[in-house]
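Protein chains in written order, with numbering that gives the first Met the number 0: chain A, 0 to 175; chain B, 0 to 121. Each remark here refers to the structure printed beneath this line.
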Amino acid sequence: MMSLISGGSGSGKSAFAEQCVVKSAAAHRIYLATMEVWGEEDRQRVCRHREMRREKGFVTIEQTKNVQEVVFPSDSVLLLEDLSNLTANECFGGAGWEGAFERIFNGILSLNARAQDLVVVTNELFSDGIQYAEETAQYLDLLARLNRALAERADAVYEVVAGIPICWKGAQRELF
Amino acid sequence: MRLIIGAVGQGKMLYSMKAYGFEETERASSFEKASKAKCFTHLESAVRAALKEEKDPFFLTEMLLQNNPDIIILCDEVGCGVVPIDREERRWRETVGRLCCWLAERAESVERIFCGIPMRLK
């Protein structure tokens, strides 16, 4: 089962995503961290989060691009955090804009095909009314298309607002 | 009149074409052309243009609804960012929000689209 979870900064989407993972019946909990680590502050942050998740039984895998390369047991639940980072890494630092949509979309579908459950965290960056310069606008458009395409494939779609999950798709609403 | 709102890139256009059965050629994105169209897209841009020309978007909308009471209006949600420093930007953003409130009160239905998925608010 694939779940897509979105929300603004500080909305509580990560905590809700972890709850979804903990509710999965899969034997292994794998956290797929997509953030590029820059400098000491990032490193300390990552260490702290890694420690917090270890207590919840997560194994952390860092994969900033090409998520299809990640190997894991089939009875796993994966938490990919997050799509906005992965998309930025792929476009600005990876193989670039050419074919980026298919590359990222297929990478995630590959994870979904091999995992028991997949939870994808994405980001709400689309309602600030700002007209961005070309490259940023292109990035936002790509992320919005990925969000839509994944929502279509997902079994459940949630928007988290003030820590409250709004269920846009799926019958799992009563569980939370 | 129906109002369909949602953030940029959420698939409002594709959804409304499918849900209400109209073609791309039947949509307009200015107040003038919208009087004969099935669908008025990017109301937020039309509001920007109207403000620039010192026209009242509420008056233009009221005229539009008199001429075309069954129109489907699509508008981007633009109000969830830091308050813009630029006065005109602030004015635009707030006008779009208030116009959506005004339209929502009069609309037969209001839907919000998120990742291509509709939620009926009214």
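Just so it is clear, CB atoms sit at the ideal spot from N, CA and C, and this is done for glycine as well.
Check	Outcome
Closer than 8 Å by beta-carbon distance: list the chain B residues that pair up with Leu-139(A), in chain order.	Val-7, Gly-8
What residues from chain A crowd round Met-12(B), counting only those whose CB sits closer than 7 Å?	Those do not exist, as Met-12(B) stays about 12 Å from chain A at its closest Cβ, beyond 7 Å.
Using a Cβ-Cβ distance under 8 Å, would Glu-158(A) count as near chain B?	yes
Hey, how far is the Cα of Arg-47(A) from the Cα of Arg-53(A)?	10 Å
What three-state label does DSSP hand Ile-163(A) in the structure shown?	strand
Tell whether a beta-carbon distance below 8 Å holds between Cys-79(B) and Val-95(B).	no
Give me the subset of the segment 125-137 of chain A whose CB atoms are less than 8 Å from a CB atom of chain B, sorted by chain position.	Phe-125, Ser-126, Asp-127, Gly-128, Ile-129
Arg-92(B) versus chain A: which residues are under 7 Å apart at the beta carbon?	Gly-128
Near Ser-28(A), what residues of its chain come up, given a Cβ to Cβ distance below 6 Å and the 5 sequence neighbours on each side ignored?	The question names Ser, but residue 28(A) in the sequence shown is Arg. Excluding sequence neighbours, Arg-28(A) sits near Val-20, Gly-56, Phe-57, Val-76.
Determine the chain A residues that contact Thr-76(B) at a beta-carbon separation under 7 Å, and present them in chain order.	Looking at the sequence provided, one finds Glu at residue 76(B) rather than Thr. Ordered by position in chain A, the residues that pass the 7 Å Cβ test against Glu-76(B) are Ser-126.
With the cut-off set at 8 Å, would you say Phe-15(A) and Pro-164(A) are in Cβ contact?	yes
Quick one: Cα of Ile-103(A) to Cα of Met-1(A), how far?	16 Å
Three or more C-beta pairs closer than 8 Å, one from the segment 6-13 of chain A and one from the segment 120-130 of chain A: is that the case here?	yes
Reducing DSSP to helix, strand and coil, say where Ile-129(A) ends up.	coil
Report all residues from its chain with a CB closer than 8 Å to the CB of Glu-97(A); omit the five preceding and five following residues, and keep chain order.	none
How is Gly-92(A) classed by DSSP in three states: helix, strand or coil?	helix
Determine the burial state of Ala-155(A): buried for a count of at least 16 other Cβ atoms within 10 Å of its Cβ, exposed for fewer.	buried
Count the other CB atoms within 10 Å of the CB of Arg-172(A); is the residue buried (16 or more) or exposed (fewer)?	The predicted model places Arg-172(A) with a pLDDT of 47, which falls under 50 and marks its position as unreliable, so this point remains unresolved.
Exposed or buried, which one is Phe-58(B) when buried takes at least 16 other CB atoms within 10 Å?	exposed
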